[in-house]
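Read the structure below first, then the notes.
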Amino acid sequence: MPHSFLPWPRAAGLVGIVALVLAGLAGVACATDVAAPPCRSQADLTRFADRLARTAERIAKHQPLTIVALGSSSTAGAGASSPDASYPSRLAARLREILPDQPVRVLNRGVNGEDAHEMMARFEASVVAEKPDLVLWQIGTNALLRGHSLDSIKALVTQGVTRLRELGIDVVLIDPQYAPSVLARPQAREMIDLLAALAREGHADLFPRFAVMKRWHETEHIPVDTFIGADGLHMNDWSYACFGRLVAEAIGEAATRPATIAAAPPVRSAPRPAP
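Using full-length UniProt numbering, read the sequence shown as starting at 1 and increasing by one per residue.
This is how it looks when you write it as structure tokens:
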């Protein structure tokens, strides 16, 4: 009766091949784990100048908190592996950890490809109608890519911030991402400086996304392709997760900051895009 066993030399060879394959897979998994950099706090950059008074009041009274994330593709989540990997989703997850007893609703109102003109056209329906307590407004990238004038952006952002502040809504502006497509634009520095000025003048806050991401690369020595996709523009799962985490922590700090403590703006120089 024939045996079903392989002769020893062949069996040993097969076992060796299987072992090598398994070791290789384990090595890939380890390499993937090692390749993922830590998401470090950058409180010196991300601490908001203002306290987020309305958000703080809602949290203090344990009332439901509504946050609207307005923006274009990097709010919608272009480049993420799923909607759950977008920055608003990661923001919501981190806020639930920071404020476990606080009802929080984060609405993603990002639309791929939109600029300030198109956002303002849907502003009342997409933002104001939701009766938010806090609006996170990611703006400026598409204006740079399309060569729009800074004056037009200034007028539109001022209009939007003024409208929200008149309603007592907290506002945080989010500037462009540190990415090759943005760095290549001659007005990148001016756009970043403009949004910082508009935040100050409009009694809004600023999340300096460009400076945060620039530090990833220039200080933490994280390769650009670790946090920017192959298109040279959009963020990926890791960068959205870290971005969402840092925004959530900035919100949590500002909204639970004692009202009697003045919030001095962090001392920092404006980030300079590469020529």
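The C-beta atom is built at its ideal place from N, Cα and C for all residues, glycine as well.
DSSP places Asn-142 in no beta strand (DSSP E) but in the uninterrupted alpha helix (DSSP H) bounded by 141-146.
At the C-beta level, Leu-45 and Pro-208 come within 8 Å of one another.
The segment 78-87 and the segment 41-56 do not touch, with fewer than 3 CB-CB distances between them shorter than 8 Å.
Pairwise C-beta distances place the segment 122-137 in contact with the segment 58-69, as three or more of them are shorter than 8 Å. Val-111 has its alpha-carbon roughly 27 Å from the corresponding atom of Glu-97. In its chain, beyond the 5 residues on either side, Gly-202 have a beta carbon closer than 7 Å to the beta carbon of Thr-162.
Rounded to whole angstroms, Leu-206 and Ala-60 show a C-alpha spacing of 23 Å. Pro-88 counts as buried, since no fewer than 16 other beta carbons sit within 10 angstroms of its beta carbon. Listed in chain order, the alpha helix (DSSP H) runs fully inside the segment 143-194 are 150-166, 180-183, counting runs of at least 4 residues. When C-alpha distances from Leu-156 are compared across Pro-180, Leu-195, Arg-189, Ala-184, the shortest belongs to Leu-195. For Leu-134, no alpha helix (DSSP H) segment is defined; the enclosing uninterrupted segment is the beta strand (DSSP E) at 134-138. Between the C-alpha atoms of Gln-63 and Glu-57 there is a straight-line separation of about 8 Å.
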